[in-house]
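A short worksheet on the structure shown next.
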Amino acid sequence: AVCNSSRTRCKDPPDKLFTVHGLWPSSMVGPDPSNCPIKNIRKREKLLEPQLEIIWPNVFDRTKNKLFWDKEWMKHGSCGYPTIDNENHYFETVIKMYITRKQNVSGILSKAKIEPDGRKRTLLDIENAIRNGADNKKPKLKCQKKGTMTELVEITLCSDKSGDHFIDCPHPFEPISPHYCPTNNIKY
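Everything in the sequence shown is counted per this note's numbering, starting at 32 for the first residue and increasing by one.
Given below as structure tokens:
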């Protein structure tokens with residue numbers, strides 16, 4: 032869906048599944064922090080990269096995965112201190128959350144018999160499926176309208192500061208937002 036709705040063409044579109052877009056510290060009030068000073072320097076270990084290539088590819092150009100990861104670390108990961116101690120810890124945390132904490136949203140949807148087959152779904156069906164896989168906590172859904180079609184392009188799962196427990200996601204998209212998901216006819 033991201034490839035369908037973006038002005039930037041995808042060079043090597045991924046399989047029809049959701050991948051990681053990032054791990055972003057957020058604020059319950061006010062704007063989310065970004066581009067914070069780095070407190071502890073420990074670079075990403077190359078051993079993590081094969082796992083990151085699977086769960087966190089740059090969907091627009093897989094040859095630029097490392098640039099994408101570096102950008103996400105600098106913009107968002109740097110603001111996770113002290114919970115996120117350094118760059119390597121940031122990427123280890125993403126892998127742990129995706130695999131161990133079961134934050135694979137494609138897997139959660141598939142378990143609810145919601146597959147990426149291009150069918151139109153209701154917001155409630157998608158949201159309930161995600162809630163069932165996330166301790167009944169509300170996700171943040173992002174849609175993209177292109178002509179008369181609205182596609183589901185992103186699902187955000189939110190967790191507490193420790194990353195161990197899901198919480199309801201704050202700041203849903205408002206109805207006037209181009210990313211607002213309608214109640215019906217969401218293509219997935």
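Ideal Cβ placement from N, Cα and C applies to all residues, glycine included. All values derive from a computational prediction rather than experimental measurement.
- In the structure shown, the three-state DSSP call for M105 is helix.
- Distance from the CA of N96 to the CA of I115, rounded to the nearest whole angstrom, comes to 21 Å.
- In its chain, beyond the 5 residues on either side, N66 have a beta carbon closer than 7 Å to the beta carbon of M105.
- Between I86 and I139, the CB-CB gap reaches or exceeds 8 Å.
- As the crow flies, the alpha-carbon of Y129 is around 33 Å from that of G178.
- Of all alpha-carbon atoms in G164, D92, R150, the one lying nearest the alpha-carbon of I198 is that of G164.
- Only exposed fits P81, as fewer than 16 other CB atoms lie within 10 angstroms of its CB.
- Per the coordinates, the alpha-carbon of K74 lies some 34 Å from the alpha-carbon of S36.
- If you draw a straight line from the Cα of D148 to the Cα of D156, it is about 15 Å long.
- Going by C-alpha positions, N215 is about 11 Å away from M180.
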